[in-house]
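Novice: Numbering (this note's numbering), first residue to last: 9 to 529.
A virtual CB, placed ideally from N, CA and C, is assigned to each residue, including glycine.
1) Once the 5 residues before and after residue 439 are set aside, which same chain residues still bring their CB inside 8 Å of it?
2) Return the chain-ordered list of same chain residues with a C-beta closer than 7 Å to the C-beta of residue 489, the five sequence neighbours on each side being excluded.
3) Relative to the C-alpha of residue 545, which residue among 493, 457, 519, 461 is closest?
4) Identify the residues that DSSP records as bridge partners of residue 53: which are they?
5) Do residue 126 and residue 158 have their CB atoms nearer than 9 Å?
6) On the DSSP letters alone, give me the boundaries of the alpha helix (DSSP H) that residue 430 sits inside.
7) Give me the residue from 415, 494, 384 with the minimum Cα distance to residue 464.
8) Does the distance from the C-beta atom of residue 431 to that of residue 320 stay below 9 Å?
9) Kindly confirm or deny that the stretch 139-157 and the stretch 258-276 touch, where touching means at least three C-beta pairs closer than 8 Å.
10) Reducing DSSP to helix, strand and coil, say where residue 43 ends up.
11) What is the residue span of the beta strand (DSSP E) that residue 160 lies within?
12) Give the single residue among 189, 356, 479, 529 whose Cα lies nearest to the Cα of residue 508.
13) Considering only the alpha carbon of each residue, which of 226, 86, 418 lies closest to residue 339?
14) Since I believe residue 177 is in contact with residue 63 (beta carbons under 8 Å), could you give me their beta-carbon distance rounded to a whole number of angstroms?
15) What is the C-beta distance between residue 308 and residue 429, in whole angstroms, given that I count them as a contact (C-beta under 8 Å)?
16) Can you list, in chain order, the residues of its chain with a C-beta nearer than 6 Å to that of residue 76? Leave out the 5 residues immediately preceding and following it.
17) Among 244, 410, 67, which one has its Cα closest to the Cα of residue 399?
18) Which residue or residues does DSSP assign as beta-bridge partners of residue 209?
19) Helix, strand or coil for residue 337 per DSSP?
20) Compute the Euclidean distance between the alpha carbons of residue 420 and residue 414, then round it to the nearest angstrom.
21) Could you name the residues of the same chain whose beta carbon sits closer than 6 Å to that of residue 276, not counting the 5 residues immediately before and after it, in chain order?
22) Going by DSSP, which residues form a beta bridge with residue 86?
23) How long is the line joining the alpha carbons of residue 45 and residue 252, rounded to whole angstroms?
24) What are the boundary residues of the alpha helix (DSSP H) that residue 216 is part of?
25) Check residue 524 in the structure and name its three-state DSSP category.
26) DSSP three-state label for residue 27, please.
27) In angstroms with no decimal places, state the Cα-to-Cα distance between residue 211 and residue 518.
28) What do you reckon, is the C-beta of residue 78 under 8 Å from a heavy atom of the ligand FMN?
29) So within the stretch 414-483, which uninterrupted beta strand (DSSP E) runs reach at least 3 residues, ignoring any that extend past its ends?
30) Which whole-angstrom value is the C-beta distance of residue 38 and residue 52, which I expect to be below 8 Å?
31) Would you call the stretch 310-319 and the stretch 470-486 touching, i.e. three or more CB-CB distances under 8 Å?
32) Which two residues bound the contiguous beta strand (DSSP E) that contains residue 176?
33) I'd like the list of long-range same chain contacts for residue 303, defined as Cβ closer than 6 Å, with 5 residues on each side in sequence excluded.
34) Measuring alpha carbon to alpha carbon, tell me which of 54, 363, 366, 353 ends up nearest residue 199.
35) Can residue 473 and residue 412 be called in contact, C-beta distance under 9 Å?
36) Does the count of Cβ pairs from the stretch 441-456 and the stretch 380-397 closer than 8 Å reach three?
Right, dumping it as structure tokens:
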């Protein structure tokens with residue numbers, strides 16, 4: 009995505025940058041003095057109050073505190089401009105200085121931005137400290153002014169939490185899901201309320217909304233992004249954090265700034281030497297060829313997916329072959345139920361732990377109406393799981409991880425694969441209400457005959473294995489809904505995955521594809 013000409017402010021009068029601009033471009037406008045951090049923030053807040061309200065994508069705002077941060081940044085830039093080279097030094101240390109953004113409304117601690125967890129149960133959790141991730145994002149220069157909506161406790165691929173008074177809507181079609189659990193983040197990004205947004209992923213919660221809303225969503229390798237200091241791991245190591253973005257370069261640049269274990273982390277990813285420079289080299293024309301891609305256009309159980317989804321994957325495979333890579337049909341030997349059932353056990357136990365800790369702290373039991381039906385079912389199921397059964401679920405996930413790793417690594421006979429190419433979802437974004445959390449049976453909601461496994465069979469694999477995975481907005485349905493295509497890389501190969509994503513971004517650019525809703529303010 010090329011840097012925006014600073015003189016081009018349109019087409020939306022309410023936005024002081026072009027609708028196609030990514031966070032890197034907005035940071036460049038602030039660095040150049042074309043706009044101030046305060047102007048950028050005020051524009052985001054104004055759009056949050058109009059478009060965000062119509063989408064139901066934003067909650068728990070604190071505009072006054074954010075404006076104070078933006079004013080401080082503006083003062084720093086004014087002072088820096090008095091000394092030669094000081095602006096460049098300041099912005100090199102803080103590459104996203106003044107860029108407005110949102111923090112997802114789950115358990116990521118941030119002083120001054122309370123969480124409701126998408127639930128009526130928790131009220132507003134008032135964090136006293138920043139998580140290490142938030143501290144690194146602030147250090148990078150981001151200005152956080154509100155939270156983005158999430159399904160209750162993040163356990164649905166559609167953001168329709170009753171706590172927010174209604175569903176979060178997709179900017180491409182307001183009657184369809186924005187995905188979940190980072191649905192508010194992806195919807196706000198697709199509506200160009202902010203140029204980038206924080207997100208989390210425990211079973212596809214970055215990649216699913218990215219696919220639904222036509223943006224980029226990377227789930228990093230396990231242990232690459234810090235989770236502390238208040239938690240050691242989330243959902244048995246299944247979950248991690250990053251952003252949804254408009255460009256591959258933004259995703260790579262943010263990962264470079266937040267990557268690295270924090271003190272006492274239970275996991276550590278392989279050594280990471282940065283992705284942003286490698287992505288810039290690809291964008292500048294450096295060749296990347298000869299990688300081996302396994303291609304899946306059916307589910308792990310061999311079931312067909314929507315024809316438009318399959319066609320999007322096949323077209324991507326064709327593009328990769330044209331770029332000089334090797335592509336062939338192949339899939340890890342793992343059943344959908346085999347992956348998802350133990351994963352759901354871990355998630356339900358994690359939800360039950362969080363709820364029970366809250367109930368114990370407040371000193372009174374759960375009341376009727378405090379949880380949605382499916383979350384209540386997850387609580388009851390999680391409470392019913394014994395310690396040995398929980399450990400058995402983890403053991404099954406670990407053994408599956410080793411099997412999948414052998415698929416990638418290969419052996420003396422089979423060279424294995426560098427990347428697995430497959431859909432994000434088996435269907436285009438669902439209509440609102442299809443995955444509302446009204447089913448009291450948590451396992452049936454996921455694995456039953458009409459369960460989520462037929463809509464989202466693909467994304468949990470990378471959470472189970474800890475591998476990096478990215479959703480790219482490479483296609484659109486005939487009805488005008490985005491279709492995401494997913495790449496899963498080898499464990500720790502996040503930079504290589506982002507290089508491939510940058511290749512595809514150049515070969516099949518999506519920067520000009522903007523939801524009409526984004527221009528409606």
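Specialist: By the coordinates alone:
1) The residue given as residue 439 occupies position 431 in the chain shown. If we look at residue 439 and ignore the five residues flanking it on each side, its Cβ neighbours are 183, 184, 185.
2) By 1-based counting over the chain shown, the position of residue 489 is 481. These residues qualify, in order along the chain: 180, 181, 184, 436, 437.
3) The structure shown does not extend to residue 545, since the chain is modelled only from 9 through 529, so no value can be given for it.
4) For the purposes of this step, residue 53 is identified with residue 45 of the chain shown, where counting begins at 1. The partner list for residue 53 (beta bridge, DSSP) is empty, contrary to what the question assumes.
5) Indexing the chain shown from 1 puts residue 126 at position 118. Indexing the chain shown from 1 puts residue 158 at position 150. The answer is yes: Cβ separation under 9 Å.
6) Residue 430 sits at position 422 when you count from the first residue of the chain shown. Here residue 430 belongs to no alpha helix (DSSP H); instead the beta strand (DSSP E) covers 427-431.
7) Sequence index remark: in the chain shown, residue 464 carries index 456 (1-based). Residue 494 is the option with its Cα nearest to residue 464.
8) As a first step, residue 431 must be located in the chain shown, where it is residue number 423. As a first step, residue 320 must be located in the chain shown, where it is residue number 312. Yes, they are a contact pair.
9) yes
10) Residue 43 sits at position 35 when you count from the first residue of the chain shown. Coil, per DSSP.
11) Taking the chain shown and counting its residues from 1, one reaches residue 160 at position 152. Residue 160 -> no beta strand (DSSP E), and no H or E assigned at all.
12) For this step, residue 508 is matched to residue 500 along the chain shown. The shortest C-alpha separation from residue 508 is found at 479.
13) Locating residue 339 in the chain shown gives position 331, where the first residue counts as 1. Cα-wise, what sits closest to residue 339 is 418.
14) Numbered from 1 along the chain shown, position 55 holds the residue referred to as residue 63. Numbered from 1 along the chain shown, position 169 holds the residue referred to as residue 177. Between residue 177 and residue 63 the Cβ distance is about 5 Å, and since that is below 8 Å, they are a contact.
15) Locating residue 308 in the chain shown gives position 300, counting from the first residue. Locating residue 429 in the chain shown gives position 421, counting from the first residue. At roughly 14 Å, the Cβ-Cβ gap does not stay under 8 Å, so residue 308 and residue 429 are not in contact.
16) Residue 76 sits at position 68 when you count from the first residue of the chain shown. Excluding positions up to five away in sequence, the list is empty.
17) Taking the first residue of the chain shown as position 1, residue 399 is located at position 391. Among 244, 410, 67, the Cα nearest to that of residue 399 belongs to 244.
18) The residue given as residue 209 occupies position 201 in the chain shown. Answer is 248, bridged to residue 209.
19) As a position in the chain shown, residue 337 is number 329, starting the count at 1. Note: residue 337 maps to strand in three-state DSSP.
20) Taking the first residue of the chain shown as 1, we reach residue 420 at position 412. Taking the first residue of the chain shown as 1, we reach residue 414 at position 406. Answer to the nearest angstrom: the Cα atoms are 12 Å apart.
21) Sequence index remark: in the chain shown, residue 276 carries index 268 (1-based). So the list reads 231, 269, once near-sequence residues are dropped.
22) Stepping through the chain shown from its first residue, residue 86 is reached at position 78. DSSP, once it has assigned bridges, lists no residue as partnering residue 86.
23) Your numbering for residue 45 matches position 37 in the chain shown. Your numbering for residue 252 matches position 244 in the chain shown. Roughly 21 Å between the two C-alpha positions.
24) For the purposes of this step, residue 216 is identified with residue 208 of the chain shown, where counting begins at 1. Residues 215-221.
25) As a first step, residue 524 must be located in the chain shown, where it is residue number 516. In this structure, residue 524 counts as helix in the three-state DSSP scheme.
26) What you label residue 27 is simply residue 19 of the chain shown in a count that begins at 1. Of the three classes helix, strand and coil, the one that applies to residue 27 here is coil, per DSSP.
27) Taking the first residue of the chain shown as position 1, residue 211 is located at position 203. Taking the first residue of the chain shown as position 1, residue 518 is located at position 510. Distance between the alpha carbons of residue 211 and residue 518 is about 25 Å.
28) No copy of the ligand FMN appears in this structure; indeed no ligand is present at all.
29) 427-431
30) The residue labelled residue 38 in the question sits at position 30 within the chain shown. The residue labelled residue 52 in the question sits at position 44 within the chain shown. Incorrect: roughly 12 Å between the Cβ atoms, too far for contact.
31) yes
32) Along the chain shown, one-based indexing puts residue 176 at 168. Per DSSP, residue 176 belongs to no beta strand (DSSP E) and is neither H nor E.
33) The residue given as residue 303 occupies position 295 in the chain shown. Hits under 6 Å: 325, 335, 337, 429.
34) The count along the chain shown starts at 1 and reaches residue 199 at position 191. The closest CA to that of residue 199, considering only 54, 363, 366, 353, is found on 54.
35) Position 465 of the chain shown, counted from the first residue, corresponds to residue 473. Position 404 of the chain shown, counted from the first residue, corresponds to residue 412. In contact: residue 473 and residue 412 (Cβ atoms closer than 9 Å).
36) Enough Cβ pairs lie closer than 8 Å, so yes.
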